[in-house]
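Novice: Residue 686 in our numbering is what sits at position 61 of the sequence shown, and the numbering runs on without skipping anything. All C-beta atoms in this analysis are idealised placements derived from N, C-alpha and C, irrespective of residue type, glycine included. Note that the structure is predicted; figures quoted are calculated from it, not measured.
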Amino acid sequence: MPTVLFLLGWRLYFWSNENHEPIHIHAEKGEMEGKFWIDVENFEITIAVEYNLTPQAKREIKKIIYEHFDLIVSEWNRHFNKS
């Protein structure tokens, strides 16, 4: 589970066995967690799975993902050896 980013209490990471899935990032903070699909072509984020995420937490983590969109995609490609 490589951690890509740790910011404002959020840990953003990948599961190493999920390379068969589209690009996504997991995020957790305290008792909250979620999985977010990343649509590179349309610069969009969709919540795939969520647990205990408040509306404020959803806004916060989506903002973090958007602000670090290129880094997350780059790290995904690097980790899974994709170009």
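1. On the CB-based measure, 16 or more other CB atoms within 10 Å of its CB, does K688 come out buried or exposed?
2. For a test of the three-state rule: what should DSSP assign to H637, helix, strand or coil?
3. Where H693 and L633 are concerned, what is the direct C-alpha to C-alpha distance, given to the nearest angstrom?
4. Starting from E692 and walking both ways along the alpha helix (DSSP H), at which residues does that stretch end?
5. Specify, as a first and last residue, the run of the beta strand (DSSP E) that G659 falls within.
6. Go ahead and pull the three-state DSSP assignment for E700.
7. Quick check: is any heavy atom of the ligand ATP less than 8 Å from the C-beta of Y638?
Specialist: So, from the data block:
1. With fewer than 16 other Cβ atoms from the protein chains shown falling within 10 Å of its own Cβ, K688 counts as exposed.
2. What sits at residue 637 in the sequence shown is Leu, not His. L637 sits in a strand when the DSSP states are folded into three classes.
3. Answer to the nearest angstrom: the Cα atoms are 13 Å apart.
4. 680-692 is the span of the alpha helix (DSSP H), which, as asked, contains E692.
5. That run of the beta strand (DSSP E) goes 657-664.
6. Look at E700 here: in three-state DSSP terms it is helix.
7. Because no ligand of any kind appears in the structure shown, any question about the ligand ATP cannot be addressed here.
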